[in-house]
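Shown next, in structure tokens, is the structure this report addresses.
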Amino acid sequence: KTNLRDDSWGGKTLVQRSRFALEVIKAVRAAVGPDFPILMRVSQWKQQEFDAKLAPSPAEIEAWLAPLADAGVDVFHCSQRRFWEAEFPEIDGKDGLNCAGWAKKLTGKATISVGSVGLNNDFITSFGGENSGPSSLDKLLQRMQKDEFDLIAVGRVLLADPQWLNKIERGASDELTGFSPAALSTLN
């Protein structure tokens, strides 16, 4: 458990514990005006407890994110372990909306999805010593075509291969490389 405070910055509910973020967003919006985009990264999961959910239902996601959207967030960058996993499979099936999809549906704001894009293993597996090979982008394209989310963030594949996007653009999927933790030692 985090934020166990019992003053006005803590609370028993996620909405109460989000008050600090809400006040920061309000202050940022007041400082930058209406035309400056504000992006906020949010996550439901914990690195060591993948099934943990801050908001265990769509109604609770809405109660958490809607005030932040109203305060001035323009885009929610929704982190998850694997972008293709449904946030609430018990509601809309194993191919249902991911976290970014639910955030977009419930707030009407643009969203960015992320999570093992272009790779066949997740972040923790990779940094546990296993290599990740390249994977198809078909599921990603299907979700984007359904307007589930607006943008996708790419991480580890770019660390391993800075030309990844150029290869995708020219259809050279046979040239894609995977990710190895050793790729981190090549960064300057």
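Quick note: the sequence shown uses the working numbering, first residue 175, plus one each step. Backbone N, C-alpha and C define an ideal beta-carbon position, used for all residues, glycine too. Bear in mind the structure is a predicted one, so any value in this text is a computation, not a measurement.
Worksheet entry | Residues near Leu213 in its chain [Cβ-Cβ closer than 8 Å; skip 5 each side] | Within the sequence shown, numbered from 1, the residue matching residue 213 stands at position 39. Once the five neighbours on either side are set aside, the close Cβ partners of Leu213 are Val247, Asp248, Val249, Phe250, His251, Ile286.
Worksheet item: DSSP on Leu196, reduced to helix/strand/coil?
Response: Taking the first residue of the sequence shown as 1, we reach residue 196 at position 22. Correct three-state label for Leu196: helix.
Item to complete: Mind reading off the beta-carbon distance from Gly307 to Phe257? Whole number of angstroms is fine, and I expect it under 8 Å.
Response: Position 133 of the sequence shown, counted from the first residue, corresponds to residue 307. Position 83 of the sequence shown, counted from the first residue, corresponds to residue 257. Not quite, the Cβ-Cβ distance comes to about 17 Å (not below 8 Å), so this is no contact.
Discussion item. In the DSSP assignment, the beta strand (DSSP E) including Ser354 goes from what residue to what residue?
Written reply: Translated into the one-based positions of the sequence shown, residue 354 becomes position 180. Note, Ser354: premise wrong, no beta strand (DSSP E); not H, not E.
Worksheet item: With burial defined as no fewer than 16 other Cβ atoms inside 10 Å of the residue's Cβ, what is the status of Val331: buried or exposed?
Response: Here residue 331 refers to the residue found at position 157 when the sequence shown is read from its first residue. So Val331 ends up on the buried side.
Worksheet item: Quick one: what's got a C-beta closer than 6 Å to Pro241's C-beta in the same chain, skipping five residues either side?
Response: Along the sequence shown, one-based indexing puts residue 241 at 67. Only Leu196 meet the Cβ criterion.
Worksheet entry | Contacts around Gly184, its chain only, beta-carbon distance under 8 Å, and the 5 residues preceding and following it disregarded | Within the sequence shown, numbered from 1, the residue matching residue 184 stands at position 10. Taken in chain order, the residues that qualify are Asn177, Leu178, Gln190, Arg191.
Fill in: Selection from Thr187, Leu315, Gln218 that minimises the alpha carbon distance to Ile342
Here residue 342 refers to the residue found at position 168 of the sequence shown. Ranking the options by Cα distance to Ile342, first place goes to Leu315.
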